[in-house]
Amino acid sequence: MTEPAGSAGVKRRDFLKVLGAAGAVTTTVGCFQEDVEKLIPYLVSPDDTVPGVSTYFATTCRECAAGCGLIAETRDGRAIKLEGNPVHPVNHGALCARGQASLQGLYNPDRYRHPMARKNGKLERITWDEGIKTLRDRISGLGAGAANAVFVNQHETGSFPAFLDQWLAGYGMPAHIAYDGEAPHAVMQANRQSYGSAWPGLDFTAAKLIVAVGADFLEMWGSSVAQQLSFADARAKLADAPRFVYIGPRRSLTGLNADEWVACKPGSELAIVNALAGKGDLAAAATAGGVDQAVLQRLAGEIASTKPSLVLSGVTTANALDVALAVNALNVAAGNVGVTIKPAEALTSFDRVGSPNDLRDAVQRMASGAVQLAMFRGVNPVYVLPKSLRVAEALAKVPFKVSFSPYPDETTELCDLVLPDDHFLESWGDAESVRGSVSLQQPAMDRVFDTRATADVLIGVTKGDPATASRIPAADYRSWLIGRFPGGAQAFGAALARGMAPGSPAQSTGASRTVAAAPAPAPAPLEGQQGDFYFLAYPSPVLGDGRATNKPWLQELPDPVTKIAWQSWIEIHPTTAARLGIENGDHITVTTAAGAVTAPAYIFMGVRQDVVAMATGRGHTGYGRYAQNVGVNPLDALPVAHDASGGLALATVKARVAKTADSSPLVTTEGSARQHARGIGRAITVAELNGPEEEEVEHFAGDNKHDFLPGLRSPVANDAQGVLGNPKSKDKGMYDPEHWSGMAKRRWAMAIDLARCTGCSACVTACYAENNIPTVGAPWQGRSLRPFHSGDGNGWDTRPGANILKGREMQWIRIERYYEGGEDGSSDFDTRFVPMMCQHCGNAPCEPVCPVYATYHSPDGLNVQVYNRCVGTRYCSNGCPYKVRYFNWHGYGEPARRQYAFPEPLNWQLNPDVTVRGKGVMEKCSFCVQRIREAEHRAKLEGRELVADEFTTSCAQACPSRAITFGDAADEKWSVARLAEDRRAYHVFEELNTFTAVVYLKKVNHPAGGAR
Amino acid sequence: MAATARPKTMAELSPRPNVASANQQLPGVIDYEQVDRDIGGSLSPTAGWFGALAVAIVLFLWGAGAWTYQIYWGLGNAGYNPPVMWGVYIISFVFWVGIGHAGTLISAILYLFRAGFRTTIYRCAEAMTVFAVMTAGLFPIIHIGRPWKFFWLIPYPNWRLIWPNFKSPLVWDVFAISTYLTVSATFLYVGLVPDIAVLRDRATNPVRKRILAVMSLGWRNSEKEWRHFARMYLFLAAFSTPLVLSVHSVVSFDFAMAINPGWHTTIFPPYFVAGAIFSGIGMVFTIIIPIRKFFRLQHYVTINHLDAAAKLCLFTSLVVGCAYLVEFWVAWYSANRFEQQYFWNRVFGEWWWAAWIMLTCNMVFPLSLFSQRLRRNPTWLFILSIFINLGMWFERFVIIVPTLSHEFEPWQWNHYAPSWVDISILVGSFGWFFMWFLLFIKQLPVIAIAEVKEIVPPKLRSPHVHEDAIDVTGRHQAYEPDTPGEFD
Amino acid sequence: MGIVAAFRELDATVDAIEDLKRQKITDMTVYTPTPRHEIEQVVDPPTSPVRRFTLIGGFCGACFGYWIAIWTSDYWPLVVGGKAIATWIPFTIIGFELMVLIGALSTVAGMFINSRVPKITMTVGWDPRFTHGHYGIWVPGTPDRARVIEETLRRHGAEDVRHED
């Protein structure tokens, strides 16, 4: 992507034209805009939209199948920030990184700006009327072939699948195929058989022991936000918290949060689970799994003795279904059902997910040439299915292919007709994430481009033909929804305000596919295969199956485990690497029976010595400037193998590993993974927690532990008040607590509970969204490598993540991931996730060194950075012991520069309350000072004092484990003041006497035997 | 002729004089007129000079182009690798400021110490000081993110009533460097005035004569002028002495005032001052040795003078080496883990190569100056001076980069490598420096005419009159040079 | 109106000056290519007042340095790094540097003022040789004593005596 950023995207004036066009079009389908204006709902309801004042819309997230509730903050008609909907039963106000980043799907500069049709080989612009007419003609031209038409839709809950099936049925087409590449199908099918629902509610807080057999419940395994909330609450019980054991060949993010990791061979889980359940031979299981029998012995004992427990399975081997069934049986036997596993509170998000076998069969039918018409919406088979399935060749056999995708993904680029769908923040819909409550999806703003909701397109198709016009009486999809909504338009309008309503949306008329449409081919047994390594592909915790890869925030977000961004990597164990002479970054080739992939090696203690692991999500050949040609796709080396439920089996093949000649540095934000006994991320064991208060668990040089200053009141404020400082200095201005502003009475502070933090990194993306932080890793944002070359990209460092290679990422808040133990390569190591942002020191080393007062201490304890005053000496960063200050090395905010980070229309997302920093100035975490002042002003307007905990920072708001607490530490009413007194509380680098405003609460470890 | 015979015999008495006496006799110089002829004669430009000047200007323009490029695209094109936020520019800033110190040391401190050997080299060193500080002053501006706002560091009255932060070492720098530049430039100019008068009166070209007449301020060599001149010179020297010590101390505060491991230490001011003088003398050798050769001034800048300067070089080298060792000892003795891990990484870790370049060039090689033969060998002195310049640049590299790349927060440990922009601007700075210096040495005397005349025996009618009042030999005792105003 | 004499030798110049002084002719100006104590002692001038300029300049500089730093800090009080608003100890650096700067400049100014440079004209009573190798004496004189003076100068071996008017 050598096109200079910023030149792409529509200019502002064009945008207005587009708006006009969109308005004109929408009026033909039912006065879209007026409806919005009539129906602007408010959580807090002022009289009218005031310019510069945010308007909030309650809607539903569609990034993954979970369907979390959203509050979309819009400013002057543009969505600028997404937050979780506090009243939503799934996410309770929290939101993951992907949810945050869906804004960049809305404003993605590579979105289709209008419908297109393939004319003599390439896609060209058409009008919507042409597009709809073409589709209608094609369908009516099908005749008997209609029975063979294929409509692939992303799996989603709510009414649309029903609407779609109804529409398809009208034309005699088969029900659509609902595909979700991320859903653990084996688990769902097992759950249906064992519990009667695909995804029973999981209550981690009720459990005393958690055993996850490859179940990455903090990542792509089910509804991660809901599970993370529950898991964090469980861990927050400290001494009573459940001990957590992770069984699997790779220690995922979930595994890193476990107290113990049983590193077993892939495919041996079934034997182990049976053994743990007492049904199998421990010795055999131990040998099969390559684990210590004593450990299994102990675990079996623990499981038998500890009730209630919670055992979860999420393996991706060919026998996944059997493992899942065995685990469920274990739960039933242990009496966990109804206690920790609650079918009554089932999540319905996955109820009607189709089996991937359907898609595979469809592809085979296409290959056989039987399919006349194929339609795709939100699914990208060419990318998400293994290359060995030859999807592209199959598509070539289909005479007419329609894509409703808003993005130029690999599949859409092969289609003949592109009818770009609206983003979910532009369109209507509903979802049922929890049985009995509808979560509504409504437009938060007008369309960015000339796109149209697929449902409205389909309605347009029927309406255009008198013969079919009567099938769907509703004028458009919204009125169709209202028509079926319990209580009608009245209730609908009322429900929009909360975004939730009791009841249940229409169910699909199509049968929910609980069994594979065709028996899956039995994959070759792992042990018999060639190769001395197990090749393990896993869904990336950030990018999922690759549909999130075109969002720069997520490309820039370091993988929570490996801390690598903008790059693919192959994880290999230190011992193995040493044996093969592999260093970090050396390119290694993994060759399987199905193919080969080559990527830089990442040496990781968290994989078995006989396992190489690789994340999905990167390696797109299309999908826009941010995804294209970044990384490689492990599916290229995967055979087409399914477990008995039809789910794609990711761990089914052995591989040979070869080191290649070349190597490239890892695009990582990690410096040293070890703390060198500096006590940054500290932990305390349950025994110590129950025991008497000890002085300091981890001693390190120069440690000079002192009590907190009262209420964390900064000595700076004291100084300004003349207590510590120069008593002769008369004019203290606003630093005087008696000053009318009363600012000096407050001390904004933050408490971070490491026992809760899971390292999921949602806070990082939330910070990007709130504070207009530029992404710097795009291939064209690198620096110049050669003197005075032409500006056409040659001579520039165009490696993806080039700036991050130079350590220039701008993460105001970063998650540091430190390891304790395991230096010998053993599986027994502890991981500390430490969210690190500006500590707002009372005695800030960064402040006195600034020659121009660009950074100083505010009376309410903030370490203030004045961008406009900064001249960029960067002395402050040298002084900062926490290294949390970030410098604008390039003109990330200048459209005229190739490093521009917000190409149109990405810049529409920018938060108007926050400056876009210019070239050459320093920036850092501001404790979301704009939110602080907004809250203070609101309180002032309402003539009241601030209420304790009435607002919080962006990171704390998003955090799905509620690890971050923000507030006024000088006021006992705020919960942060209480947390600061916790016995686990400590400051990082306390011995430097910086008097930080951030308090960390020690992580609590539950070693084996240490628990009850 | 008697006047010429005496010094010769003096030279014969000690073919290899006791160098400790720093005998600054000029056996090859007979009378005042010869001084004017020799030094004035060296001012006519030569082809070699034009060639050197051309090279310097080209280098300077290349560096200027690189800076323009950097301003347009942002500092990202330099090699900075956070948390290494300071790099080649600050290194070069400290390097050039250090170079400047030798000039003031020689012209002011040695003046107060009556070190006679300074007479023939101080003008060169002083000019070097002024141009080196001019060069150093550019680097903070090149270094900052928004160079067009550099004046915000200067306390100028403005309607916003925003002033700089006088607690910041960088503001101290602004004051120290600008004061240093002003005072040393003044020192250089007033010292030049009598010599410009000499050139004025020898000049034949009317235009040149007119320009020199203006520059000489109508100096007439009257006894009254000399009297006030001597006083002024004495006080300027007295001011420059603490100034030169303060300037590099202030520069060292840039580091010592930060809390970073390896920086936050009280040894820095003396350590930096010694290093500065050391590097400055190195640069003096680099400059004066070619000049005395190409300008044929060997009978002015004698081996004795070089020898004495070499001793000063050796001494400062020993001081600097001692400072290095003390740093290591303190790191070990402090039992401060941050400090210890940092120093280990500096010397045996990632930066071992830079550290050992520094140690060998600044500590080991100068030990060769214990040998008198090498001290009196201009070729060796020149080679050594190149090593010293290199070593002192790397001393600043070792102070700045390893600290920033290996600080408190292990998660943010990182590496550093300069980019082509850094290197271009560094090279350009040498072009800038030598451009000015080359222009200087062909326009104005590189050796102080009036002061050299002081150590040339005056003509006498009769050797024995006024023995009580007149030192009839016209000679001066070692370490008691005739200093104007010393009997006031 | 006066007499200017050029000498080759130092002792001759000294003798001439002494002789002239003995004749109560003291309003002479002596030129010397380089400062010589012999001349200075025989002329025996009053001490140069330049040092007063130095003292006053340095004092004012130091005071201004402290004042500007303290006043600006207190004028807009911003707390940095928990330090006092006006911290006089680091401000000593500002005081010192400004003392040196202003002190040095006023010293130079003192020299200029006292020795009357810059001079616009230099025609009367001067000779370019005085910057070359010759010592010189210039006596502004009335015609009545011109003979005596010239005679004295020549007796002491003036290489060249010239009447100027």
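Chains as they are written, first to last, in the working numbering: chain A, 3 to 1014; chain B, 175 to 662; chain C, 4 to 168.
From the three backbone atoms N, C-alpha and C, an ideal C-beta is built for every residue, glycine too.
Note that the coordinates shown come from a computational prediction; the quantities given were computed from them, not determined experimentally.
At the 8 Å Cβ level, is residue i part of the contact set with chain B, yes or no?
{"i": "tyrosine 855/A", "result": "yes"}
{"i": "histidine 135/C", "result": "yes"}
{"i": "lysine 1005/A", "result": "no"}
{"i": "aspartate 1/C", "result": "Summary: the structure shown does not reach residue 1/C, with chain C confined to residues 4 through 168, and so no result is reported for it."}
{"i": "phenylalanine 835/A", "result": "no"}
{"i": "glycine 852/A", "result": "In the sequence on display, residue 852/A carries cysteine and not glycine. It does: the Cβ of cysteine 852/A has a partner Cβ on chain B nearer than 8 Å."}
Between the Cα of residue i and the Cα atoms of the options, which residue gives the shortest distance?
{"i": "alanine 965/A", "options": "Ala771/A, Ile754/A, Asp424/A", "result": "Ile754/A"}
{"i": "alanine 238/B", "options": "Lys616/B, Val601/B, Tyr206/B", "result": "Val601/B"}
{"i": "asparagine 635/A", "options": "Leu327/A, Ser570/A, Trp782/A", "result": "Ser570/A"}
Taking the straight line between their C-alpha atoms, what separation do you get for residue i and residue j?
{"i": "threonine 551/A", "j": "threonine 618/A", "result": "10 Å"}
{"i": "isoleucine 599/B", "j": "threonine 309/B", "result": "11 Å"}
{"i": "valine 400/A", "j": "arginine 115/A", "result": "26 Å"}
{"i": "glutamate 300/B", "j": "isoleucine 461/B", "result": "12 Å"}
{"i": "aspartate 862/A", "j": "arginine 749/A", "result": "5 Å"}
Counting only C-beta atoms, is residue i closer than 8 Å to chain A at any point?
{"i": "glycine 84/C", "result": "yes"}
{"i": "leucine 81/C", "result": "yes"}
{"i": "glutamine 515/B", "result": "yes"}
{"i": "phenylalanine 324/B", "result": "yes"}
{"i": "glutamate 581/B", "result": "yes"}
So what does DSSP say about residue i, is it helix, strand or coil?
{"i": "glutamine 677/A", "result": "coil"}
{"i": "aspartate 212/B", "result": "helix"}
{"i": "valine 33/C", "result": "strand"}
{"i": "leucine 714/A", "result": "Note that leucine 714/A scores 38 on pLDDT, short of 50, meaning its location in the model is unreliable; the coordinates nonetheless yield the value given after this. The answer is helix: DSSP assigns leucine 714/A an H, G or I state."}
{"i": "alanine 638/A", "result": "The amino acid at residue 638/A is misidentified as alanine; the sequence shows aspartate. Aspartate 638/A falls in the helix class under three-state DSSP."}
{"i": "serine 786/A", "result": "strand"}
{"i": "glutamine 1/A", "result": "The requested residue 1/A is not part of the displayed model; chain A covers only 3 to 1014."}
{"i": "phenylalanine 582/B", "result": "coil"}
{"i": "isoleucine 815/A", "result": "coil"}
{"i": "histidine 159/C", "result": "coil"}
{"i": "tryptophan 402/B", "result": "Residue 402/B is actually histidine in this sequence, not tryptophan. Three-state DSSP puts histidine 402/B in a helix."}
I want to see whether chain C comes within less than 8 Å of residue i, judged by CB atoms only; does it?
{"i": "histidine 859/A", "result": "yes"}
{"i": "proline 329/B", "result": "yes"}
{"i": "lysine 398/B", "result": "yes"}
4-residue-minimum alpha helix (DSSP H) runs that sit fully inside the segment 279-325 of chain B, ordered along the chain: 296-317
Sequence ranges, beta strand (DSSP E) only - wholly within the segment 366-444 of chain A, length at least 3: 375-379, 402-405, 431-436, 439-443
Any beta strand (DSSP E) of 3 or more consecutive residues that is wholly inside the segment 316-383 of chain B: none
Entirely enclosed alpha helix (DSSP H) segments - the segment 860-947 of chain A, minimum 4 residues: 877-881, 931-943
Within the segment 596-640 of chain B, ranges of the alpha helix (DSSP H) (whole runs, at least 4 residues): Counting only unbroken stretches of 4 or more residues, the alpha helix (DSSP H) elements lying wholly within the segment 596-640 of chain B are 623-628, in sequence order.
Residue ranges of each beta strand (DSSP E) within the segment 264-288 of chain A, 3 or longer: none
Contained beta strand (DSSP E) runs [length at least 3] in the segment 115-158 of chain A, N- to C-terminal order: Counting only runs of 3 or more, we get 118-121, 124-127, 152-156.
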